[in-house]
Each structure stands twice: as C-alpha cells, then as structure tokens.
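A.B. asks: Before we start, here is the structure in question, set down as structure tokens.
In this note's numbering, the protein residues as written are 2 to 76.
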C-alpha cells in the first residue's frame with residue numbers, strides 16, 4: 002500500500018485514522034501493519050473496506066494499492 006498517497010487521501014477526505022478504523026472495523030494495529038508493509042499481501046476485502054470508507058474511484062484505489070499513473074503497460 003502506498004503510505005504517502007494514503008496520508009494524502011486521508012487529508013483530502015478529511016478523515017482520521019481512528020474514524021477510518023471505526024468505519025471499516027479494521028483494528029488500528031491492523032491498519033498500521035498494512036500501511037507499514039508488515040502485511041505483505043493484505044486481503045482484498047480489507048483493501049475494499051478502506052476504499053469504500055474513503056469513497057475512492059478506480060484510479061485512486063489502484064494508486065493506493067501501489068499502481069502509479071506513470072507506469073505504462075507494454076502490449
């Protein structure tokens with residue numbers, strides 16, 4: 002997960018980590034582990050809970066998961 006982008010989204014969406022944890026049901030420690038990459042492959046349902054709580058569009062969700070707009074797919 003892109004921690005820097007996550008922090009930017011939290012500011013943009015005006016939501017605290019505490020509130021995000023309350024909305025998603027993810028523990029504070031669990032969220033910290035995902036953000037600090039202690040969890041190598043977070044469960045998709047965890048990522049979806051975060052995305053839904055932050056009301057992310059597809060592009061924001063992809064960037065949050067580490068897929069940058071600058072990266073291009075070679076055909």
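The beta carbon of each residue, even a glycine, is placed where N, CA and C say it ideally should be.
#1: If I'm right that residue 47 touches residue 35 with Cβ under 8 Å, what's the distance once you round it to whole angstroms?
#2: Which two residues bound the contiguous alpha helix (DSSP H) that contains residue 51?
#3: Mapping DSSP to helix, strand and coil, what is residue 69?
#4: Per DSSP, what kind of secondary structure is residue 26 in: helix, strand or coil?
#5: Taking DSSP as the reference, what is the three-state secondary structure of residue 16?
#6: So, using beta-carbon positions, are residue 53 and residue 3 closer together than 8 Å?
C.D. replies: According to the structure shown:
#1: Mapped onto the chain shown, residue 47 falls at position 46. Mapped onto the chain shown, residue 35 falls at position 34. Approximately 7 Å separates the beta-carbon atoms of residue 47 and residue 35; this is inside 8 Å, confirming the contact.
#2: What you label residue 51 is simply residue 50 of the chain shown in a count that begins at 1. Residue range 45–54 is occupied by the alpha helix (DSSP H) that includes residue 51.
#3: Position 68 of the chain shown, counted from the first residue, corresponds to residue 69. Residue 69 sits in coil when the DSSP states are folded into three classes, being neither helix nor strand.
#4: Walking along the chain shown from the start, residue 26 turns up at place 25. Three-state result, residue 26: coil.
#5: Stepping through the chain shown from its first residue, residue 16 is reached at position 15. If DSSP states are grouped into helix, strand and coil, residue 16 belongs with coil.
#6: Taking the chain shown and counting its residues from 1, one reaches residue 53 at position 52. Taking the chain shown and counting its residues from 1, one reaches residue 3 at position 2. It is not a contact, given that the beta carbons lie outside the stated cut-off.
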